[in-house]
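Notes to accompany the following structure.
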Amino acid sequence: MTTVAIQTTLGCPSGLEPPADGTIIDPAPFVRRAGGIARLDLAVFGAKCGGCIRKIESAMAALPQMQSARLNLSTGRLSLVWTDGALIPRTITETIDKIGYRAAPFDPEAAEKESDAEGRRLIRALAVAGFATANIMLLSVSVWAGGGEMGPATRDLLHWVSGIIAVPAALYAGQTFFISAFRALKRGRANMDVPISLGVILALTISAYEFFEGGEHTYFDAAVMLLFFLLIGRYLDHRLRLRARAAARDLLALQAVTASRINSDGVLQSVSARDIEPGDRIQLAPGDRVPVDGVIEEGSSDLDMSLVTGESAPVRSSEGALLHAGVLNLTTRLIMRATKTADASLVADLTRLIEAGEQTKSRYIRLADRAAALYVPVVHTLALSTFLGWYFIGDAGFRVSIMNAVALLIITCPCALGLAAPAVQVVATGRLFRSGVLVKSGDALERLAEVDTIVFDKTGTLTFGKPRLANRDDIPQGAVAGAAALARISRHPLSRAIVSESGPGKAAPDAIEIPGEGIEGTIDGVRARLGRAAFASAPASNDASQESWLRIGDAEPVRFRFEDRKRADAADTISQLRELGLSVEMLSGDREPAAAKVAADIGVTQWRASMSPREKINYIDRLRDEGRKVAMVGDGLNDAPSLAGAHASLTPGTAVDASQAAADFVYQGDGVAPIVEAIKVARASRRRVIENFAFAALYNACAMPLAAMGLVTPLIAAVAMSGSSLIVTLNALRLAGGVRK
Amino acid sequence: MTVLVFLIPIALFLGGAGLAAFFWALRSGQFDDPKGAAERILLNDDIQDEDQDAARISR
């Protein structure tokens, strides 16, 4: 292997991202082969800057016969092409792991591509509509300004050019609306796209008719401008949804686990977890995740069960012990026998619970849709009565009557309504993103604004959920760095805690890990040991807290004490949440005394301990049945179903992929304070959206009578339409500045 | 007013050229990785050969 040169520093060179810990997944089943060329797409986690691109791409380029390696920083996707047979696919993920990132294979054929195509269609339609709007406006303004002096021949020429541009442009750019409206009508319903499509098509037809009759007014400009504004709203909305889908893809990456199966002839074969049958023997190297439920057949090792139970302390297990899918093997090689298929395993169970939760969520009706349900029948009735009124009562003739009805449809067309919610949500999302909160969908903001109860999981959210070095001040200078040199080769949580305290550096070259005992290696030419008290020949202590001992040569052993600290801003955040009028509760899978202590520390009075994932969901369901709107904050895989089931959910950036995929908000940083910010911004954005709807309603209330009376000309329609869209957008931008404290 | 015969086509042509340029940029993948493109400009692998690369990284 030619990767030796790159092993020295770990993770992001800028220090923005600590080395990712996780598993090495064998991507072999995901390699696509054709004509002697092998291709592989990997999702890379932890890449943040240009240095990361360089590090990852050059590490990949250094692999034998690698033809091309390109990392897309925006999507975190690494595309690799190499000469088939030149390298073992597992080397790739191992190399990425060695330089401090995490990689998971994923199916590039997945839904992502389709949604991307949708995005491209929208942006193309937007570009065409923009082009048409700008050029037709150029011609229309000449017509309006030229009023008295322009001869009919010139006017007709300008109308003719406008029509030539507008008709094909509107038919192309409006497809999204036409198709959606058609589908809705076919099911006997009306959505917002029905009046839009009707308005655009009628405007084009009437304008063409007027042009051939040599009429004074055409609405070509209005038709394309309408589409232009609406497409902006549509595109912003699509971008938000795309982000939510990308997060869901990470969950799929987690499921795309592969395993080394030991075939009956003793040959190791890398298979996808889906292909494992009960009875198969599987080899688990250190760093491998258990692919399906099973039992240990050979060996004993430390296991990290945090994905399943939420508890971070590793458990030592040996032959005969039960293994759940998702458990991480930390120290030694194990052989296990599968007892269930991937579909029947625990992770799959949790995934199903998550999906069930998401379905209840998708029944949520967004504010914009509720507005549309009110709006559509009113506008159509009014347009029809305008036509009937002018035709029968006003005796105005077919041409004038239909012209007035179309003017009403155009001027009330929901430009502002279509922009009202997406513009606000994009601004709010951007603002939250800058303060370290990732919002996964627009309606998540709406849901979070309605919340009246907030339920916290204890471990990992109110506390760090990982052991952290507690006695740094008592440890002599250099001991931490020395211990880190040994600890770097290990995946044990206590080792990870030492490494994260010490920061990036070199690993001791000859260090080896002895499972259940510790690590031995050479530091500055002296033999050193890091591990249990007995392993480092240190006195046994009767303190219950987690500890490690370091002995360098014959020197006095140094004690490293660890504890799961509560987050510094937890108590403050809880009291701020109360000020916002929320009732705060805490659920924990942990034992009662531990939960009681944390609850007392941070001032939560409502709490429950020893709860299983199922009980947590039931509890949240019960709160919902009482009519409460619950926000859930949690981080473990065991919390993921309740995250998906709650009215809104938040999870820290350190949470497992499944939780990040299930939650609506992912917040970064060491504290819980971003939750308060998220709720404030969500409430402020709800206010803005409602203001925007109120404005749109007011505008329509003024415009409709004018249009019905036949006082609206294309000039007035154009000014009113762009003016209202502008006001709605400016109102949304107010959010970017600051939220009232 | 005969000048319109030139001006309108010119205006349309310029607008159309802009539209075509945008489509070209979209198709050639220039919007695929905006974050990566912003960072890549800081990398100077094109003026280094591979040995120096490896040496730089190991430092």
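Protein chains in written order, with this note's numbering: chain A, 1 to 741; chain B, 1001 to 1059.
Note that the Cβ used here is the ideal one computed from N, Cα and C, for glycine as well.
Item checked: Status (buried if at least 16 other CB within 10 Å, exposed otherwise) for Pro493 of chain A -> Pro493 of chain A comes out buried.
Check: Ile547 of chain A lies in the alpha helix (DSSP H); which residues open and close that run?
Finding: In the sequence on display, residue 547 of chain A carries Glu and not Ile. Premise fails: Glu547 of chain A lies in the beta strand (DSSP E), 546-552, not in any alpha helix (DSSP H).
Check: From what residue to what residue does the alpha helix (DSSP H) around Asn72 of chain A run?
Finding: First-last for Asn72 of chain A: 66-72, but that is the beta strand (DSSP E), not the alpha helix (DSSP H).
Margin query: I need the straight-line Cα distance from Leu746 of chain A to Gly11 of chain A, nearest angstrom please.
Written below: Outside the displayed span of chain A (1 to 741) sits residue 746 of chain A, for which this structure offers no information.
Checklist line | Proximity of Gly166 of chain A and Ile201 of chain A at Cβ, strictly below 7 Å | finding: A quick correction: the sequence has Ala, not Gly, at residue 166 of chain A. Ile201 of chain A is positioned such that its CB atom lies no closer than 7 Å to that of Ala166 of chain A.
Check: Taking the C-alpha atoms as reference points, what is the distance between Phe1013 of chain B and Ala707 of chain A?
Finding: Answer to the nearest angstrom: the Cα atoms are 36 Å apart.
Note to self: Which residues of the region 1003-1014 of chain B have a Cβ closer than 8 Å to any Cβ of chain A? Give them in chain order.
What the structure shows: Within the region 1003-1014 of chain B, the residues whose Cβ lies closer than 8 Å to some Cβ of chain A are Leu1004, Ile1008, Ala1011, Leu1012, listed in chain order.
Note to self: Excluding the 5 residues flanking Ala736 of chain A on each side, which residues of the same chain have their C-beta closer than 8 Å to its C-beta?
What the structure shows: Excluding residues within five positions, the ones whose Cβ falls inside 8 Å are Val427, Gly430, Arg431.
Notebook entry, point to check: For Leu1043 of chain B, which three-state DSSP category applies?
Noted result: If DSSP states are grouped into helix, strand and coil, Leu1043 of chain B belongs with coil.
Margin query: So if DSSP puts Gln283 of chain A in a beta bridge, which residue, or which two residues, is it bridged to?
Written below: For Gln283 of chain A, the beta-bridge partners assigned by DSSP are A:Ser260, A:Ile335.
Check: Between which two residues does the alpha helix (DSSP H) containing Phe177 of chain A stretch?
Finding: For Phe177 of chain A, the enclosing alpha helix (DSSP H) begins and ends at 175-186.
Check: In its own chain, which residues sit with a C-beta less than 6 Å from the C-beta of Leu78 of chain A, not counting the 5 before and 5 after it?
Finding: If the five residues before and after Leu78 of chain A are omitted, its C-beta is found closer than 6 Å to the C-beta atoms of Leu42, Val44, Leu71, all from its own chain and listed in chain order.
Check: How about Ala703 of chain A and Ala720 of chain A: do their beta carbons lie closer than 7 Å?
Finding: In contact: Ala703 of chain A and Ala720 of chain A (Cβ atoms closer than 7 Å).
Margin query: Suppose only complete runs of 3+ residues qualify. What are the beta strand (DSSP E) ranges in the region 512-600 of chain A, listed by chain order?
Written below: 512-514, 518-523, 526-531, 546-552, 558-563, 583-587, all fully within the region 512-600 of chain A.
Notebook entry, point to check: Does the distance from the CB of Thr331 of chain A to the CB of Glu513 of chain A come in under 7 Å?
Noted result: Judged by beta-carbon spacing, Glu513 of chain A lies within the 7 Å limit of Thr331 of chain A, meaning their Cβ atoms are closer than that value.
Notebook entry, point to check: Out of curiosity, what's the CA-to-CA distance linking Arg688 of chain A and Asn638 of chain A?
Noted result: Whole-angstrom Cα-Cα distance: 36 Å.
Next item on the list: State the CB to CB distance for the pair Ala285 of chain A and Arg333 of chain A, rounded to an integer number of angstroms; the pair is presumed to be in contact (CB under 8 Å).
Entry: About 6 Å separates the two Cβ atoms, so the contact holds.
Notebook entry, point to check: Any beta-carbon of chain A closer than 7 Å to the one on Gly1029 of chain B?
Noted result: For Gly1029 of chain B, the answer is no, since every Cβ of chain A falls outside 7 Å of its Cβ.
Item checked: 8 Å Cβ cut-off: residues of chain B touching Ile768 of chain A -> Residue 768 of chain A falls outside the range modelled here, since chain A spans only 1 to 741, and no answer is possible.
Note to self: I want to verify the contact list: residues of chain B whose CB lies under 8 Å from the CB of Arg120 of chain A, in sequence order.
What the structure shows: Per Cβ cutoff of 8 Å: Leu1026.
Notebook entry, point to check: With DSSP run on the structure shown, which of helix, strand or coil describes Gly394 of chain A?
Noted result: Note: Gly394 of chain A maps to coil in three-state DSSP.
Next item on the list: Please confirm if Ala104 of chain A has its CB atom under 7 Å from at least one CB of chain B.
Entry: Ala104 of chain A does not count as touching chain B.
Check: In whole angstroms, what is the alpha-carbon distance linking Thr461 of chain A and Arg624 of chain A?
Finding: Each residue's alpha carbon lies about 22 Å from the other.
Item checked: Spatial distance of Lys186 of chain A from Phe178 of chain A (CA atoms) -> Those two C-alpha atoms are separated by around 12 Å.
Checklist line | Ser317 of chain A, DSSP secondary structure in three states | finding: Three-state result, Ser317 of chain A: strand.
Checklist line | Neighbour list for Ala129 of chain A in chain B, Cβ cutoff strictly below 8 Å | finding: Chain-ordered listing is empty here: chain B has no CB closer than 8 Å to the CB of Ala129 of chain A, the nearest sitting near 11 Å.
Notebook entry, point to check: Is the CB of Val426 of chain A under 7 Å away from at least one CB in chain B?
Noted result: For Val426 of chain A, no CB of chain B lies under 7 Å from its own CB, so it is not counted at the interface with that chain.
Item checked: Ala132 of chain A versus A:Trp144, A:Ala104, A:Ile164, residue with shortest Cα-Cα distance -> Cα-wise, what sits closest to Ala132 of chain A is A:Ile164.
Check: Short check: CB of Val633 of chain A to CB of Phe456 of chain A, under 7 Å?
Finding: Yes; because the gap between Cβ atoms is below 7 Å, this pair is in contact.
Margin query: I need the DSSP call for Ala111 of chain A, collapsed to helix, strand or coil.
Written below: Only weak support is given to the placement of Ala111 of chain A: the predicted model assigns it a pLDDT of 44, under 50, and the question is left unresolved by the model.
Item checked: Interface residues of chain B facing Ala223 of chain A [CB-CB closer than 8 Å] -> Those within 8 Å of Ala223 of chain A in chain B number zero; the least Cβ separation is about 18 Å.
Next item on the list: Would you mind reading off the limits of the beta strand (DSSP E) that contains Ser649 of chain A?
Entry: 648-652 is the span of the beta strand (DSSP E), which, as asked, contains Ser649 of chain A.
Checklist line | Distance CB(Gly294 of chain A)-CB(Arg337 of chain A) smaller than 7 Å | finding: Contact flag set, yes.
Note to self: So the candidates are A:Val327, A:Val315, A:Gln269, A:Val271; which of them puts its Cα closest to the Cα of Arg289 of chain A?
What the structure shows: Taking only the C-alpha atoms, the option nearest Arg289 of chain A is A:Val327.
Check: Smallest Cα separation from Ile727 of chain A: which of A:Ile716, A:Tyr699, A:Thr713, A:Met709?
Finding: For Ile727 of chain A, the closest alpha carbon among the candidates A:Ile716, A:Tyr699, A:Thr713, A:Met709 is that of A:Tyr699.
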